[in-house]
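Numbering (the numbering used here), first residue to last: 4 to 118.
To start, the structure under review is shown below, and the notes come after it.
Spelled out as C-alpha cells, the structure:
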C-alpha cells in the first residue's frame, strides 16, 4: 500500500460507533458473566470501502496503528444494503446509503483509544 490510491485511509473510512459496537468493545472488561469469557480479545467496528477484502482491512489497520504495535487476529465483514425511505417533498421513493462494516479482533492487550 505505497501509492495514494491504495492508502490505508482509503480502505478504512472511519470508526463505526453505535450502541451495539460500544457494548462489543466493553465486553473484554466484563467479568460478571462466565459466558462472556470467550470475548477477552478487544473488538472494534470500522466502516470500510465496499471493495475492501479482509486481508486489505487487516493490513491497513496494522499500518494505521503501527506506532501502537497492534496485531489483527480476525476480521469479520458485513455488507449493509440501503433501506427504502419515503421522501417528504415528492412522491419518488428514496434510499439510504449502502455501506460495509468490519468487526476487527485484536490480540489481547492491544488498544486503540486515540480515536
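Note that the Cβ used here is the ideal one computed from N, Cα and C, for glycine as well.
Go ahead and label residue i buried or exposed: buried means 16 or more other beta carbons lie within 10 angstroms of its beta carbon, across all protein chains shown.
{"i": "residue 59", "result": "buried"}
{"i": "residue 118", "result": "With a pLDDT of only 47 at residue 118, under the threshold of 50, the placement of this residue in the model should not be trusted, and no figure is reported."}
{"i": "residue 5", "result": "Residue placement at residue 5 is poorly supported in this model, since its pLDDT is 47, which falls under 50; the coordinates still yield a value, given next. Exposed, because fewer than 16 other Cβ atoms sit within 10 Å of the Cβ of residue 5."}
{"i": "residue 96", "result": "exposed"}
{"i": "residue 25", "result": "exposed"}
Hey, would you say residue i sits closer than 9 Å to residue j, going by beta carbons?
{"i": "residue 109", "j": "residue 73", "result": "yes"}
{"i": "residue 103", "j": "residue 81", "result": "yes"}
For residue i, name the three-state secondary structure that DSSP assigns.
{"i": "residue 29", "result": "helix"}
{"i": "residue 11", "result": "helix"}
{"i": "residue 46", "result": "strand"}
{"i": "residue 52", "result": "coil"}
{"i": "residue 3", "result": "The chain is shown only over 4 to 118; residue 3 falls outside these bounds and no answer can be derived."}
{"i": "residue 23", "result": "helix"}
My guess is that residue i and residue j are in contact by the Cβ rule of under 8 Å, so how many angstroms apart are they, rounded?
{"i": "residue 62", "j": "residue 115", "result": "At roughly 16 Å, the Cβ-Cβ gap does not stay under 8 Å, so residue 62 and residue 115 are not in contact."}
{"i": "residue 55", "j": "residue 14", "result": "5 Å"}
Inset, instruction - Mind listing, in chain order, the continuous beta strand (DSSP E) runs of no fewer than 3 residues lying wholly within the stretch 66-114? - result: 75-83 and 102-109
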